[in-house]
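A short worksheet on the structure shown next.
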Amino acid sequence: MPFNLDKFVASPSVEELDSLKKSEIVKVAKHYGIEFQPLMRKDEIKRYVLEYLVDEGVLPSTVLETAITVPTDNTFELKRLEIEMNKEKRKKRKEKCKCKRKKRKEKCKCKRKKRKEKCKCKCKGKKRQENMNLG
123 MPFNLDKFVA SPSVEELDSL KKSEIVKVAK HYGIEFQPLM RKDEIKRYVL
173 EYLVDEGVLP STVLETAITV PTDNTFELKR LEIEMNKEKR KKRKEKCKCK
223 RKKRKEKCKC KRKKRKEKCK CKCKGKKRQE NMNLG
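Under this note's numbering, think of the first position of the sequence shown as 123, with each following residue one higher.
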């Protein structure tokens with residue numbers, strides 16, 4: 123069901139605000155003249171909208187306490203887990219190199235005379251050669 127700004131403005135509710143996408147929350151914030159940074163997360167913009175609606179007396183102040191405290195804890199935990207997953211992915215990528223380099227910055231140990239020759243240890247040097255032949 124498409125979002126209708128006029129319908130929301132006529133009867134705003136926390137439930138409907140929670141179901142909106144970021145772009146729709148941005149429209150609501152712009153309608154009320156709420157200042158925010160475009161790079162802000164959806165939860166932060168939603169919090170500004172809720173605070174504005176409570177200040178204007180449209181929504182009760184109890185809504186603000188229950189709506190804001192729960193998501194901020196969850197978003198912090200999700201961000202921490204996302205960072206851990208990215209670290210694990212990077213470690214796995216480093217381990218995938220088939221030649222026995224300890225660090226990615228070290229040079230390949232197979233004895234290539236020229237850059238255009240294929241790498242004998244089947245590391246990225248081979249892929250580089252294939253890319254040179256294609257382009």
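Positions of the beta carbon are idealized from the N, C-alpha and C atoms, including for glycine.
Query raised in the report: Just checking my contact of V171 with V150 at CB under 8 Å: how many whole Å lie between their CB atoms?
Result: One-based indexing of the sequence shown puts residue 171 at position 49. One-based indexing of the sequence shown puts residue 150 at position 28. Confirmed, Cβ separation roughly 6 Å.
Requested in this report: Please look up how many angstroms separate the CB atoms of E157 and F125, rounded, as I've assumed it's under 8 Å.
Outcome: Here residue 157 refers to the residue found at position 35 of the sequence shown. Here residue 125 refers to the residue found at position 3 of the sequence shown. About 22 Å separates the two Cβ atoms, so there is no contact after all.
Report task. Kindly list the residues whose CB is nearer than 8 Å to the CB of T197, restricted to its own chain and excluding five residues on each side of it in sequence; keep chain order. Result -> Counting from one through the sequence shown, the residue named residue 197 turns up at place 75. R163, D165.
Requested in this report: On a CA-only basis, which of L127, L200, K214 is nearest K152? Give me that one, please.
Outcome: Here residue 152 refers to the residue found at position 30 of the sequence shown. Taking only the C-alpha atoms, the option nearest K152 is L127.
Requested in this report: Would you mind reading off the limits of the alpha helix (DSSP H) that contains V180?
Outcome: Counting from one through the sequence shown, the residue named residue 180 turns up at place 58. Where V180 is concerned, there is no enclosing alpha helix (DSSP H), given that its DSSP letter is neither H nor E.
Requested in this report: Look at the alpha carbon of K129 and the alpha carbon of P160, and state the distance between them as a whole number of angstroms.
Outcome: Here residue 129 refers to the residue found at position 7 of the sequence shown. Here residue 160 refers to the residue found at position 38 of the sequence shown. Cα to Cα, the separation comes out at about 24 Å.
Query - Whole-angstrom C-beta distance between I167 and V180, which should lie under 8 Å - result: Locating residue 180 in the sequence shown gives position 58, counting from the first residue. Locating residue 167 in the sequence shown gives position 45, counting from the first residue. With 8 Å as the limit, V180 and I167 do not qualify as a contact, their Cβ atoms being about 17 Å apart.
**Report entry** Assigned exposure category for L175 - 16 Cβ within 10 Å defines buried
**Finding:** Translated into the one-based positions of the sequence shown, residue 175 becomes position 53. L175 should be labelled buried.
**Report entry** Among E187, K201, Y154, nearest to E178 - alpha-carbon criterion
**Finding:** Indexing the sequence shown from 1 puts residue 178 at position 56. Ranking the options by Cα distance to E178, first place goes to Y154.
**Report entry** I167 - DSSP class collapsed to helix/strand/coil
**Finding:** Mapped onto the sequence shown, residue 167 falls at position 45. Helix at I167.
Query raised in the report: Per DSSP, what kind of secondary structure is S133 in: helix, strand or coil?
Result: Walking along the sequence shown from the start, residue 133 turns up at place 11. The answer is coil: DSSP assigns S133 none of H, G, I, E or B.
**Report entry** Exposure label - L200; buried when at least 16 CB within 10 Å
**Finding:** For this step, residue 200 is matched to residue 78 along the sequence shown. So L200 counts as exposed.
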